[in-house]
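Each remark here refers to the structure printed beneath this line.
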């Protein structure tokens, strides 16, 4: 049933939480460095760099939101709006 699938997913997330958090932090560092490079490149007024910067910033925001502390806000917002 759907409840079993949800419970299984939650158990897997809980079991691998420390590894997921470590992976998340490492990717945030990589993306942050790439964002810094893009910010330097955008000074050339290259519109393509601007679009890449927007996409990478969105990806960084997603990874950041998954991190510790943000889950409570996301769940609370979901519950409050549904």
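Residue numbers (my numbering): 376 to 457.
Built from N, CA and C at the ideal position, the CB exists for glycine as well.
For residue i, which residues of its own chain have a beta-carbon under 8 Å away from its beta-carbon, when the five flanking residues on both sides are left out?
i: residue 435; result: 403, 406, 407, 410
i: residue 416; result: 424
i: residue 433; result: none
Distance check for residue j and residue i, CA to CA, integer angstroms please.
i: residue 392; j: residue 376; result: 24 Å
i: residue 401; j: residue 441; result: 13 Å
i: residue 384; j: residue 421; result: 43 Å
i: residue 380; j: residue 451; result: 22 Å
i: residue 430; j: residue 398; result: 20 Å
Given a cut-off of 7 Å on the beta-carbon distance, is the pair residue i and residue j in contact?
i: residue 428; j: residue 438; result: no
What are the boundary residues of the alpha helix (DSSP H) that includes residue i?
i: residue 417; result: Per DSSP, residue 417 belongs to no alpha helix (DSSP H) and is neither H nor E.
i: residue 383; result: 377-390
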